[in-house]
Structures are given as C-alpha cells and as structure tokens.
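Line by line, the protein sequences are chains A, B and C.
Each residue of the first sequence is one higher than the last, beginning at 1 in the numbering used here.
Each residue of the second sequence is one higher than the last, beginning at 1 in the numbering used here.
Each residue of the third sequence is one higher than the last, beginning at 1 in the numbering used here.
Some notes on the structure that comes next.
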Amino acid sequence: MKPTLLIANAISKHFGGVKALTDVSLTIRQGEIYGLIGPNGAGKTTFFNVLTGLYHPNGGELLFEGYKLRASAPHLAAQSGIARTFQNIRLFGNMTALENVMVGRHVRTQAGVVGAVLRDPKTRREEADIHRRAEELLHYVGVADRANDLAKHLSYGDQRRLEIARALATEPKLLALDEPAAGMNASETAELRVLIEGIRNDGITVLLIEHDVKLVMGLCDRVAVLDYGVKICEDVPAVVQKNPKVIEAYLGGSVA
Amino acid sequence: MDIFVQQIINGLVLGSIYALVALGYTMVYGIMGLINFAHGEVVMIGAMVALFFVKAFSGLPVVILLPLALAAAACVCMAIGFTIERIAYRPLRRAPKLAPLITAIGISIILQHLAMLIWGRNYHAFPPVIPSSAHEIFGATITSLQVFIVLIAAAMMAGLTLLIQRTRLGRAMRATSQNPAIAQLMGVNINQVISATFVIGSALAAVAGLMVTANYSIAHYYMGFMLGLKAFTAAVLGGIGNLAGAMLGGILLGIIESLGAGYIGDLTGGFLGSHYQDIFAFFVLIGVLIFRPSGLIGERVAERA
Amino acid sequence: MMTLNFDSLRHDKRAAIAATVGIGLVLAVFPFIVGSALGNSWLRIVDFALLYIMLALGLNIVVGFAGLLDMGYIAFYAVGAYLYALLASPHFGLHLPVWIIIPCGAVLAGIAGALLGAPTLRLRGDYLAIVTLGFGEIVRIFMNNLNAPVNITNGPQGISSIDPIHLGGVTLAKPLSVLGITVPSLHAYYFLFLALALLIIFVTIRLEDSRIGRAWVAIREDEIAAKACGINTRNIKLLAFTMGASFGGVAGGLFAGFQGFVSPESFNLMESIMILCMVVLGGMGHIPGVILGGVMLTVLPEFFRHSAGPIQQALFGKILLDPEALRMLLFGLALVLVMLYRPAGLWPSTIRRREFSSGADKEGA
C-alpha cells in the first residue's frame, strides 16, 4: 500500500446557518488519482478551498505528509506543495500564456527587489530558469504554440490546460483540479485524461473534482462522494458506482 | 453634563444632514458599485442655489420662501445629477472601476470651480430670514430651525423608505441593486432606474444643502468636499448599499463628531483642540473599514473562489 | 513581455545607442536653452516637473504596477519635506547634511507607508482609495495644527529659511563653476533632479520586468489566483506601497531643500489627485506615459496660468473669468474626457490598451 499523502480528519465548515462541510474525513495516498464527486452544492469546492487555505475550517484538521497543515493563507498551501486550479478558470487574462506559467514559479524562486534592480548573475540565472521551465511546462500540457498570446484570447480548452501548467509550475506534491473537464468535448476530455495520467506517472498525486462520470470512473484509483457536505462513500470506483446511497444522492431515489 | 446634552443635540442635527447625504451615496453604490465622488458638490450647489434664491426674494414670508428655495435647489440638483449620470457614468458602466472613479473626481472638480466662477471665492452669509427662537431642553438649547431640520430629515427618510419598499420603482431599484442582468430580463429598464436613483439622491442632497446653509448661515464653493467625505464615511459606517445603514450611520457619525469636538480638549489634556474635529470622521472611516468593513448593519459578502 | 513601446529599438542596438546619446545631449543642454529662451521662472517649472516625475513614477509602482489606488500619496511627500525642514533649518537649529536627511526621509516615508498599508491593503479598490485619501487629509491636518502646545511643524505658517541642498560642501543655491562653465543655481538643481529621476526610472524599469513585477501584475489581475501561485499578496502589496512611499519621501526632501520653505498648503488633496492623474492620464503602468503625464500636468497648467489672463484681456478687454477657476475647470473637464475616450491613458502600454478595449470580459474566448 502506498504511503499516505493527505489525511483530512473531520473537516467541518459552515457559513452562518449553511453547513457546507460536516465531519468530512478522507485519505489520499501518494501517487494516486483521487476523485471527489457529488451533486452540485455538495461542498466539493468548499473542501478545496479549505485544503488550499482560502477558508478556515470550523473543525477538524488536515495532515499533509504527516505534518499538520497550517495553511492559514493560500500562499502557504502552495509553499507546502499543494497546487490547485479553479472551477471558473482564474488566469491572468492580460498576461501571455508564458507569463502566466512564469508567475507559477514564484513560490520556488527568490529574487527580490535588490535582485530585480541589480540583475546580478544569480538573479539572471534564476530568471533564465523560470523562462525555460515555463516553456517546458507549456510543451508538457500542449499549448506551446500559444506561448505569446494573451491568456484571455486562448480557447477554452487551452485555458484549462494553461491553468494546469501554471499549477504544475509551483512544483506541487498534490495537484487539486476543480472540474478540469467542464465544457470539454469527448476528444478534449480524452486528451485531458492522458495529461492527468502523465502527471501522476511523473510522481504528482492528483485530487480531482469532476462531474464527468465516465472520466472519473475510468481515471481515478479511488473516489469519495460528498452529498450536502457529508461524505457518504469512499472506495474504488467500481464499488462506489453501485453504492445505493450514492445512486440516491444523484438520482433522488433508490434504483431497485 | 450641560455640554453633553448640547453636543448630543448638535450631533443629532448634524447627523440628520449627514444621513440625507449618505443616502445618496449608498443608493448609487448599491446600484452601481460606484462611489459618486461628485455627490458632495451637488449638496454644495443645492446650498448655493437656495442661499441666493432666498437672498433674491427675501421679501417673501418665510413660510413661502423656504419651500420655494428648496424647490429651486432641488430642480437644479436633480438636473445636475441626471446629467452627470447620463454623460459621464453611463458610458463607463463596463469599464474597470478606476475609470468612473477618476471621472467622478473630474466632475467634482468641474462643479466646484463652476461654483467658484458663478458665485466667487468668498464665503456667503445666509440672509437672516429665519426667526431664531431657541428652546431650552435638558439644560441645552435647540432652535426651531434645528427642530425642523431633524423632523424634515426624518420625514424624507420615511418617505424614501416607503418609496423603496412599497412602490414599483422601489422594487425595480432593489432588483437592480441585487442583480442588474436578471432585473433587465424581468423587464426592468435599468437605465431609467439608475437615472431615478441619481435624481432622488440629488433631491435629498438639495434638501441637505439648504439645511446646512440655513443652520450654519454660511455657504462656500468648497463646502461640499468635507461634507461629502464625512457623509460617505457615515454610509460606510452603517453598511454601504443599505438604506437603514446610511440613516443610522449618519446620525451616529454626527453624534460622534459633536461629542468628540466637545470633549477632545479634555480627553487629550489640551494637546488636541477642536480644530481636529474633521479627523474624527477619518478615524471612524479607517476603523470601520479595517475592523468591520461590512458596516454596522451591512451584509458580509464573500468572494466565491 | 511588458516592455517599452520602442520594440524596434530593442532589436537594433545601434539605433538604440544613437537614440540614447541624442536624448542625453538634449537633456544636457536643455536647461541652458530654456533659461535663455524663456527665462528663469520657466526653468524653475522644469525643475518642479522633474520632482513631479519622480513622484509620478513612485506612485506608478503603487497604482500602475500593483493596481493599488492611493489617493493620499502626497502625505509621503509631506513627510519627506517636513523632515528635511526640521533637520536643516533655523526651526530647531539643526543643520544636518543632505546625504543624511534624504535617506532618513526615504526610510521615514517608507515606514509611514508600511504603517498605513499594513491594515488597509486588503481593502477593496475604491475603499482603499477613500482610506488613503483620509490618511492624506489627516497628515495635512496634523501638519497644520501641530504648533501647540509643542511647536513641531509651525502650523499654517510653515517652516522657512530651509538650508538649500549642499553637495560635497558646495551649495546649489549659488552658481557653480564646473570645468570652466558657470552653472547657475537652477541649472545645478536641474542636473541633480535629473540624475535622481533617471535613477528612479532605471529602478522602475528593472522592477517591471522581474519576478516582483510579475507578481504585482498577477495580483492586479486576479488576487486569488496569485495567492494560489504562492504569492504572499499581503507582503508584495506592502512592498509596492512602501517603495512608492519612500520615493515620495525622497522627492519631498529635495523639494524642501529646493524651495526653502514648506507649509501644509502644498500638501493638500488636489496635489494627490494631480499625481494620480499624471499616472492614470499618462498611461498607467507605462513608464514613458507616466513621464509624459508628469510633464504635461506640470507644464500645461503653468502655461495656462501665464496666458489665461492676457488672452482674456486681449479678447475682451478685461478678465471675465477667474483664471484659477478656469484652469481647474478645464483640468476637471480633461479628466472626464480622457476617461471617456482614452481610458487607458494617452500613452498606454499595448497590453493595457487591450485591457481596456475588451472591457471587463475575462471568461473564455
């Protein structure tokens, strides 16, 4: 059995009267592709936001690589090695694709004001590295030909892949993708699947929110199902698919 | 104890004026997300128009003169508010927020200096047409004019609340401030609604202008700036976009400022005098925005990731 | 890449060198030309223009690069100026040298910027604008009233007889002799200010195309996404704010030494708005545009002031409209018109022009 990467222990989050997450516990192992599914409003993105420090949980804790994750701010989550993409794509629209990925390198680089002004050899090397790595990542996700186009001018599918490239630039151990296949057609989804498997094979654990059931079931090693903020199932896809509670959550009634 | 009641009364009067102006800011912000920087100048113009009207027709009995002056001021202010929205803000509705803000500053400058050109740089005194009859209450004095100010302000606020809650226009205004796109789909003509918002706010500004100049007996082309800033503080204090908040914030700020001005000498052992009065509003503003940005009764709106 | 608009010059090294030498020569003889052709008062205006360019570039880091709306920037100028006045005048009897005071001014202004920024930079754009406006006013009110019970700032009268700037024991208030050429006082100040302005230009250009510069643009574009990239947005915004403030402090110190007199009146809201407009109208974030804005908004009003009266006299036989009111009226009108028709500024970078042309649309293609 692969070592654990992330343990979520009884995570709760509420907004006023709305209980977005209640005692959600799950375990993600290193090197797996882990799916998080559930009907709309189940709390999947809320879980992402808690994981990456955008929200503070009202209860529970997160253990990342055995250490308590004190991601009280999103940039600390990135530093710890958790990267994410967003449900509604958040790119830097007026920067080029290349520049977007270069920004992703921020967390692993250091040049400050002094370096920026003096452009000493160390800074110059770092800038060249940033540039090179960004180009590599653009190739990796398949948008290298659009490197100098403004991000807001990219096609929808390219934008999603660019966002993944930018997340990869932060050298994450865990890559959390929020509905990366949303709005994609069948062939784009197939390409995405290949990309995600490639990412996993290169040693990065992937956490995936998705609605595309075929993609999830075919791609994920294990799946957790949330409904109304509560985890109702956590197992391999084949088992989850047949779980009556899961079917009821999606279809609103048991299938005899 | 004497000065406490007096300052409370002063604060109530001042606060009523702030509340009327704050309503204009909060309505526009609620509906467009824009700080109408020029609103303070509209108050100033209302004050100037009213003052010169009264000067011109000072022979008339007060009971007729003041309402007429008010009507004249209101007409001018409403026209200005309407024009500003049409010419300067409407084209920039989709622009990044910086553009309308700079435009608002530009209009504020234009109105100030238009007033300077028309009425000169001097301070103008309000003609003594209002009989000053002071009443004693709890050891402090309040004039009939001040009573009127508070009552009229209350009446205007009540009227506005009725408008917003009970009329078709009010419903349309509320819908537009919640979600303009959907409101449009429901058949609301948001251009008209936005124009109406500016016009109503400007009318209230005119009333406030007359009150200021009658109460403090002075009008000056630069008076709108500080007043506008403080009224905006009041709106933020109460919770911007929220009408009840503007009213509450206005009254509260007036009282805070009056008490502060009255007591600051004692509080700081003579180090700071009452000419630091203006600072209170700023400190309140900074304090509210840092510790409770949604204001006293405003909504907390979180950004969706 | 966010570069200057002179793309062709980047590729052709020889043309770039020729242009630089040419501009350098023009800048070197400029004050002598202005001095003899237009007189000393116009040369003073040029010197002030250089100070304002420094201020505009400092504010450009805050507003143009990081997208933080500061409407009380003049407060940092005031801090630098008053510090110089307090440390180099008869007021306290101190006469410290320039090379101590100016860096202290930078540091003090920077600290003021950090203190103001720390609690406020997380506020939404227009709220930040109002808060910084309030701060600017608070500083002015304090400068105006800190003359009792302890006289620190001398209140509305301000502090006068400030020591002029001495460089290496040589005062700039009197003509200098350099390599046989007589350099009058105003010309000497010109070269000093020019050198510092060029330094600030150099620093901002380097910052723009760097890891920090990219982080600022990222924050401006989408703060939440920037955080997800590991950018400590609070600290990076604070960095922009503090740097901008310290540049303002430096310019303030130079101003005090140059003018010899400071009073609260010079540091009012209108000044903050002017500097903001130099950045926004010039071309936000675009260094050549900001310089253009600085020059225009210093020179044009002066030009207007000199001519409005005489023109009215010539046309109407008397002064119909107060020139000062007219000048500000036209300024307000210019603001509105530029925002309506060229919201990206008069000389924006190509990227910024695109930002404004597609409006606020950011989703998909």
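Each residue gets a CB set at the ideal place from its N, CA and C atoms; glycine is no exception.
Note that the coordinates shown come from a computational prediction; the quantities given were computed from them, not determined experimentally.
Delimiting residues of the beta strand (DSSP E) encompassing residue i
| i | result |
| --- | --- |
| G60 (chain A) | 59-64 |
| E136 (chain B) | 134-137 |
| I181 (chain C) | 181-183 |
| V18 (chain A) | 18-29 |
| A88 (chain B) | It is not in any beta strand (DSSP E) - A88 (chain B) carries neither H nor E in the DSSP assignment. |
| A79 (chain C) | Reading the sequence as shown, one finds Val at residue 79 (chain C) and not Ala. That residue, V79 (chain C), is in no beta strand (DSSP E); its alpha helix (DSSP H) goes 74-87. |
| Y34 (chain A) | 33-37 |
| A83 (chain A) | 82-84 |
| F15 (chain A) | 4-15 |
| S222 (chain A) | A small correction: the amino acid at residue 222 (chain A) is Arg; Ser does not occupy that position in the sequence shown. It spans 222-227 - the beta strand (DSSP E) in which R222 (chain A) sits, taken as one unbroken run. |
Burial state of residue i, where buried means 16 or more other Cβ atoms lie within 10 Å
| i | result |
| --- | --- |
| M95 (chain A) | buried |
| N332 (chain A) | Outside the displayed span of chain A (1 to 256) sits residue 332 (chain A), for which this structure offers no information. |
| A15 (chain C) | exposed |
| N185 (chain A) | exposed |
| M270 (chain C) | exposed |
| L179 (chain C) | exposed |
| Y67 (chain A) | exposed |
| Q146 (chain B) | buried |
| W347 (chain C) | buried |
| M328 (chain C) | buried |
| S144 (chain B) | exposed |
| V150 (chain C) | exposed |
| E136 (chain B) | exposed |
| H187 (chain C) | buried |
| E61 (chain A) | exposed |
| Q192 (chain B) | exposed |
| E363 (chain C) | Only weak support is given to the placement of E363 (chain C): the predicted model assigns it a pLDDT of 39, under 50, and the question is left unresolved by the model. |
| D120 (chain A) | exposed |
Nearest residue (CA-CA) to residue i, options the options
| i | options | result |
| --- | --- | --- |
| D178 (chain A) | A:G66, A:G16, A:E163, A:L21 | A:E163 |
| L195 (chain A) | A:G183, A:L168, A:T123 | A:L168 |
| I130 (chain A) | A:M102, A:A116, A:S187 | A:M102 |
| M54 (chain C) | C:F303, C:T298, C:A314, C:V217 | C:T298 |
| T350 (chain C) | C:M284, C:L315, C:G294 | C:M284 |
| V336 (chain C) | B:A219, B:M27, B:I109 | B:I109 |
| A78 (chain A) | C:G35, C:I224, C:A245 | C:I224 |
| Q277 (chain B) | B:G260, B:F291, B:G287, B:V288 | B:G260 |
| L121 (chain C) | C:I236, C:G252, C:Y341 | C:I236 |
| T22 (chain A) | A:L51, A:G59, A:T4 | A:G59 |
| I164 (chain B) | B:I31, B:Y89, B:F282 | B:I31 |
| A8 (chain A) | A:L207, A:Q159, A:E248 | A:L207 |
| R108 (chain A) | C:R305, C:L83, C:G230 | C:G230 |
| L194 (chain C) | C:D12, C:A19, C:V29, C:K13 | C:V29 |
| R193 (chain A) | A:H56, A:P74, A:L219, A:E210 | A:L219 |
Start-to-end residues for the alpha helix (DSSP H) that takes in residue i
| i | result |
| --- | --- |
| N144 (chain C) | 125-145 |
| G248 (chain C) | 233-259 |
| A72 (chain B) | 62-84 |
| D278 (chain B) | 277-291 |
Test item: CB-CB of residue i and residue j under 7 Å
| i | j | result |
| --- | --- | --- |
| G106 (chain B) | G332 (chain C) | yes |
| I102 (chain B) | M339 (chain C) | yes |
| G43 (chain A) | G229 (chain A) | yes |
| G110 (chain C) | T242 (chain C) | yes |
| A181 (chain A) | T189 (chain A) | yes |
| P343 (chain C) | A99 (chain B) | yes |
| P172 (chain A) | I33 (chain A) | no |
| I28 (chain A) | L6 (chain A) | yes |
| Y25 (chain B) | G254 (chain B) | no |
| G72 (chain C) | G136 (chain C) | yes |
| A411 (chain C) | S246 (chain C) | The structure shown does not extend to residue 411 (chain C), since chain C is modelled only from 1 through 365, so no value can be given for it. |
| A81 (chain C) | I275 (chain C) | no |
| L12 (chain B) | V150 (chain B) | yes |
TODO: Jot down the residue ranges of each uninterrupted alpha helix (DSSP H) in the segment 108-174 of chain B, minimum 4 residues, whole runs only, in chain order.
DONE: If we require 4 residues or more, the alpha helix (DSSP H) runs fully inside the segment 108-174 of chain B come out as 144-166.
Discussion item. Please give me, in chain order, every unbroken run of the alpha helix (DSSP H) with length at least 4 that falls completely inside the segment 287-344 of chain C.
Written reply: Entirely contained in the segment 287-344 of chain C, the alpha helix (DSSP H) runs reaching 4 residues are, in chain order, 287-316, 323-341.
Query - Contiguous beta strand (DSSP E) assignments of at least 3 residues, all confined to the segment 154-230 of chain C - result: You should have 176-178, 181-183.
Checklist line | 3 or more residues per run - each beta strand (DSSP E) lying fully within the segment 217-247 of chain B | finding: For the segment 217-247 of chain B, not a single whole beta strand (DSSP E) run of length 3 or above is found.
Query raised in the report: Which runs of the beta strand (DSSP E), 3 residues or longer, sit entirely within the segment 125-180 of chain A?
Result: If we require 3 residues or more, the beta strand (DSSP E) runs fully inside the segment 125-180 of chain A come out as 174-178.
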